[in-house]
Each structure stands twice: as structure tokens, then as C-alpha cells.
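Residue numbers (my numbering): 461 to 586. Where is the CB? At the ideal position from N, CA and C, for every residue including glycine. These notes concern the structure reproduced below.
Okay, here's the thing in C-alpha cells:
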């Protein structure tokens, strides 16, 4: 059975896809994407505070799991994309149209990597 964080992350992914589709509606697109980025930044803190990580990683031996390390690598990739995306978004909000193509390319990468993060999170969920 899927955990509540996995379900909520999946719902935010659907919301992110809707905001991606309606990118021309800046008053909708910008706040939704920023909220989802903040959600993704807060999720590790929530999971750290609500799970017994010593039991899971050390006692159960999940620290050596390839899936866990792949999940962490995908999260770091996602956070890197977020930094690049936010920097290009700030330039777009200042009416500088130069980063428009890179912003669109990073958006596609974020959608792919975030889907993989959620998928590996589902597989890791107890």
C-alpha cells in the first residue's frame, strides 16, 4: 500500500503537469511551481522527522540498497534543476527573454526527473 507522502507527491506531480501546460498564465504557473518546489524541499525534513531511519537504514541494511542511492541521486539532480530553473524564471520575470528556451528545456527535465523521484519513492515506501 502506498504511503500518504507518496500519494501527496503524486498529486503535486499532476498539479505540476497542469501548471506546465498552462505556462502562459503567469499568475497561476509561477505560484504553483514555486509551491511545488517548496514542497519538494520540505519533504525530506518531514520524512526525517516522522520515520525511524536508524532502524530502516542500519538495522535493516537498506543503506546498501542501489534503489536508495539511485533515489538520492535523482533528488540531487532534481534540486540542481530547480536552482537552474528558478534562476532562469527570475530573469524571465524581469522581462529578459534570453533564458526562455533554457527555461523550457529545464522544465521538461524537471518533469522527467521528478517522475522518477516519485517512482523510486513509491518503491522505497514501506
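Using the C-alpha atoms, what's the distance from residue j back to residue i?
i	j	result
residue 483	residue 560	12 Å
residue 473	residue 575	7 Å
residue 548	residue 485	17 Å
residue 521	residue 513	11 Å
residue 584	residue 537	18 Å
residue 470	residue 558	32 Å
residue 551	residue 516	42 Å
residue 479	residue 529	30 Å
The alpha helix (DSSP H) spanning residue i covers which residue range?
i	result
residue 563	560–584
residue 546	526–553
residue 517	No alpha helix (DSSP H) holds residue 517; DSSP gives it neither H nor E.
residue 463	Looking at the DSSP string, residue 463 is not in any alpha helix (DSSP H), and its letter there is neither H nor E.
Per DSSP, what kind of secondary structure is residue i in: helix, strand or coil?
i	result
residue 500	helix
residue 511	coil
residue 488	helix
residue 505	helix
Apply the 10 Å Cβ neighbour rule to residue i and answer buried if 16 or more other Cβ atoms are within range, or exposed otherwise.
i	result
residue 533	exposed
residue 508	exposed
residue 591	Shown here, the chain extends from 461 to 586; a query on residue 591 therefore has no answer.
residue 518	exposed
residue 467	exposed
Check whether the Cβ atoms of residue i and residue j sit closer than 8 Å, and answer yes or no.
i	j	result
residue 542	residue 578	no
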